[in-house]
Amino acid sequence: MASGLRKSLLVIAALTGLVGAGCAPAEEEGIELSIATFGEFGYGSLLKEYEAAHPGIRIQNRVADFEAHHKAIATQLAAGRGAADVVAIEEQYMPQFRQSVDKFVDLNSFGASGLRAQWPQWKWEQGLADSGRIVMGLGTDMGGLAMCFRKDYFAQAGLPTERAAVAALWPTWEDYAKIGDLFSGKVSSAKFADSAGGIYTAVLNQSPENFFSAKDDSFIADRNPALRRAFTIAGQIGAKGQTARVTPFTQPWNIAIKQGSFATIACPAWMLTQIQEAGGPENAGKWDVAAVPGGGGNNGGSFLTVPTQGKHQREAYDLAKWLTEPAQEVRLFTESNILPSEPAAYGAPEVLSKTDPYFSGAPIGRIYAASADSLKPNYRGLKDAKVRPTFGTALGRVESGKQTLDAAWDQAVMEARAAAS
3 MASGLRKSLL VIAALTGLVG AGCAPAEEEG IELSIATFGE FGYGSLLKEY
53 EAAHPGIRIQ NRVADFEAHH KAIATQLAAG RGAADVVAIE EQYMPQFRQS
103 VDKFVDLNSF GASGLRAQWP QWKWEQGLAD SGRIVMGLGT DMGGLAMCFR
153 KDYFAQAGLP TERAAVAALW PTWEDYAKIG DLFSGKVSSA KFADSAGGIY
203 TAVLNQSPEN FFSAKDDSFI ADRNPALRRA FTIAGQIGAK GQTARVTPFT
253 QPWNIAIKQG SFATIACPAW MLTQIQEAGG PENAGKWDVA AVPGGGGNNG
303 GSFLTVPTQG KHQREAYDLA KWLTEPAQEV RLFTESNILP SEPAAYGAPE
353 VLSKTDPYFS GAPIGRIYAA SADSLKPNYR GLKDAKVRPT FGTALGRVES
403 GKQTLDAAWD QAVMEARAAA S
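For the sequence shown, my numbering gives the first residue as 3, with consecutive numbering after it.
Here it is in structure tokens:
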């Protein structure tokens, strides 16, 4: 479809959604809806717009930390009370909550099956439950994946600084590790990467299977070569002292960004805002964005669900449906770097043309859209969220010199097997 026509259709869709919504006021006055998310989904202005178009509806926006949010959902579902009307669930937790599918509204009852073409097959299927018979959630964003790098440090190392030339340095993660050796031999003022855990996650998320078999959900962490490869690449970089040893999204990580303690970080689209906020204006123009080793990839992505305990399920669904329409997804990227999971949205002219002055004018719209197009989703097992942290913790032991790579791997596999049982 021609870009001009696509843009026109998106605008028409947005206007139609608002006009239609305005013609269908809430069945009762004074309906209050709540939506619970983790981190910042960029919904602030959209929720105000929705309220203006829906007289009688007011929306409470609940925002919590990632882990606290998902633990609260489990508690609220078990208690049968306390959950928001619309609840966001991150992709790695979807398998866990599918086991409580009776606690969520089947969105098919409101016609969600008619929205299927909005998403690529893999994203749509992640929101299904009960062997695909139930639509449990509507897809919001995806992370996509790129590599953020410090141009000034690359120049000090005698490396290229132009983003295409930088991407050419590391077609594979093994090549990325070699650049780490070269960089570390020439630059002493900064580490090559933020953490072994971040590298490991990026490498692992490019494989079709991680800890569990896509065929029968059996535990395969001890015999999956893709998992061992990711652990080894990241662990070797960490063991050489080439990481700043900071856990992403912690205060030490924020300080490390501000102080320029590392030169590269595998960055999903949503992380750009966090890097900018942590780095402050003094680091503007020092960062750039290049393609990630290994081609595309993904880190993150969520779904909006409607718990059955809510009193206004139809209104909650209408809100979730509107927030996940392409027109709103386009705005979330242009305003907040939240990458859409819908091809009509991440292929929209407004997305493709977006650049980011903080990151040296990088064409982030095109970079992340290309990453999305080449994305190959990986299977998330039922106990993915319980198993996944054991390997990140093990890499931390390697980084700190407390364990060898092989010893850390053996312990991680043992702990992961116990968590999976």
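C-beta atoms are modelled at their ideal positions from N, C-alpha and C, and glycine is treated no differently.
Give the straight-line distance between the Cα atoms of W124 and L140, rounded to the nearest whole angstrom.
Taking the first residue of the sequence shown as position 1, residue 124 is located at position 122. Taking the first residue of the sequence shown as position 1, residue 140 is located at position 138. In a straight line, the C-alpha of W124 is about 12 Å away from that of L140.
Helix, strand or coil: which one does DSSP assign to T406?
Start at 1 with the first residue of the sequence shown, and residue 406 comes out as number 404. It is coil, neither helix nor strand.
Output needed for Y178: all residues of its chain with C-beta closer than 6 Å, excluding positions within five of it in sequence on either side, in chain order.
Numbered from 1 along the sequence shown, position 176 holds the residue referred to as residue 178. Closer than 6 Å at Cβ, skipping near neighbours: W172 and P295.
First and last residue of the uninterrupted alpha helix (DSSP H) at T39
For the purposes of this step, residue 39 is taken as residue 37 along the sequence shown, with counting starting at 1. Element bounds for T39: not the alpha helix (DSSP H) but the beta strand (DSSP E), I33 to F40.
Whole-angstrom C-beta distance between A258 and A246, which should lie under 8 Å:
Within the sequence shown, numbered from 1, the residue matching residue 246 stands at position 244. Within the sequence shown, numbered from 1, the residue matching residue 258 stands at position 256. So it is a contact: roughly 5 Å between Cβ atoms.
Let's test the definition: count the other Cβ atoms within 10 Å of the Cβ of E344 and tell me whether it reaches 16, buried, or not, exposed.
Taking the sequence shown and counting its residues from 1, one reaches residue 344 at position 342. By the 10 Å Cβ count, E344 comes out buried.
Just verifying my parser: in three-state terms, what is the DSSP assignment at S304?
Here residue 304 refers to the residue found at position 302 of the sequence shown. In the structure shown, S304 sits in a strand (DSSP, three-state: E or B).
Skipping 5 residues on each side, what residues in its chain have a beta carbon closer than 6 Å to that of D358?
Locating residue 358 in the sequence shown gives position 356, where the first residue counts as 1. Answer for D358: A364 and I366, listed in chain order.
Please classify E127 as buried or exposed, where buried requires at least 16 other C-beta atoms within 10 Å of its C-beta.
By 1-based counting over the sequence shown, the position of residue 127 is 125. E127 should be labelled exposed.
Do three or more CB pairs link the stretch 324 to 340 to the stretch 38 to 55 at distances below 8 Å?
yes
Can you give the beta carbon distance from V168 to A292, rounded, assuming they're within the 8 Å contact cut?
In the sequence shown, the residue the question calls residue 168 occupies position 166. In the sequence shown, the residue the question calls residue 292 occupies position 290. The Cβ separation is near 4 Å, so the contact holds.
At what residues does the beta strand (DSSP E) containing G139 begin and finish?
Your numbering for residue 139 matches position 137 in the sequence shown. Its beta strand (DSSP E) spans residues G139 to M144.
Can V137 and D108 be called in contact, C-beta distance under 8 Å?
Within the sequence shown, numbered from 1, the residue matching residue 137 stands at position 135. Within the sequence shown, numbered from 1, the residue matching residue 108 stands at position 106. Yes, they are a contact pair.
Whose C-alpha, out of W289, L229, K217 and S191, is nearest the C-alpha of V389?
Taking the first residue of the sequence shown as position 1, residue 389 is located at position 387. Checking every option, the nearest Cα to that of V389 belongs to L229.
Suppose the cutoff is 7 Å on Cβ atoms and the five residues either side in sequence are ignored; what does the same chain contact list for A103 look like?
Counting from 1 along the sequence shown, the entry for residue 103 is found at position 101. This sequence places Val at residue 103; Ala is not what is there. A131, D132, I136 and M138, listed in sequence order.
Locate the alpha helix (DSSP H) running through D290, then write down its first and last residues.
One-based indexing of the sequence shown puts residue 290 at position 288. Looking at the DSSP string, D290 is not in any alpha helix (DSSP H); the run it does join, the beta strand (DSSP E), is W289 to A292.
What's the gap between the Cα of T392 and the Cα of L274?
Counting from 1 along the sequence shown, the entry for residue 392 is found at position 390. Counting from 1 along the sequence shown, the entry for residue 274 is found at position 272. Each residue's alpha carbon lies about 27 Å from the other.
Helix, strand or coil for A195, going by three-state DSSP, please let me know.
As a working note, residue 195 is residue 193 in the sequence shown. A195 falls in the strand class under three-state DSSP.
Entirely within the stretch 234 to 305 and at least 3 residues each: give me those beta strand (DSSP E) ranges in chain order.
264 to 269 and 289 to 292
Residue environment, M96, which counts as buried when at least 16 other CB atoms sit within 10 Å:
Here residue 96 refers to the residue found at position 94 of the sequence shown. Classification of M96: buried, given that the 10 Å Cβ count is 16 or more.
Quick one: measure Cβ to Cβ for F106 and A66, integer angstroms, because I've assumed they're closer than 8 Å.
Sequence index remark: in the sequence shown, residue 106 carries index 104 (1-based). Sequence index remark: in the sequence shown, residue 66 carries index 64 (1-based). Not a contact, Cβ separation roughly 19 Å.
So, under 8 Å CB-CB, Q244 and S186 are touching, yes? Tell me the CB distance rounded to an integer number of Å.
As a first step, residue 244 is located in the sequence shown; it is residue number 242 there, counting from the start. As a first step, residue 186 is located in the sequence shown; it is residue number 184 there, counting from the start. At roughly 5 Å, the Cβ-Cβ gap stays under 8 Å, so Q244 and S186 are in contact.
For M416 and N285, what's the separation of their Cα atoms in angstroms?
In the sequence shown, the residue the question calls residue 416 occupies position 414. In the sequence shown, the residue the question calls residue 285 occupies position 283. Roughly 42 Å between the two C-alpha positions.
Whether E93 touches R382 by CB criterion (8 Å)
For the purposes of this step, residue 93 is taken as residue 91 along the sequence shown, with counting starting at 1. For the purposes of this step, residue 382 is taken as residue 380 along the sequence shown, with counting starting at 1. Result yes, Cβ atoms of E93 and R382 sit closer than 8 Å.
Can you tell which of G302, L384 and T406 has its C-alpha closest to the C-alpha of Q98?
Numbered from its first residue, the sequence shown carries residue 98 at position 96. Measuring from the Cα of Q98, the nearest candidate turns out to be L384.
Answer yes or no: do N300 and M144 have a C-beta to C-beta separation smaller than 8 Å?
Within the sequence shown, the letter at position 298 stands for residue 300. Within the sequence shown, the letter at position 142 stands for residue 144. Result yes, Cβ atoms of N300 and M144 sit closer than 8 Å.
Assuming the contact rule is C-beta atoms closer than 8 Å, F233 and I222 should be a hit. Round their C-beta distance to whole Å, please.
Looking up residue 233 in the sequence shown gives position 231. Looking up residue 222 in the sequence shown gives position 220. Contact doesn't hold; Cβ gap of about 14 Å is too wide.
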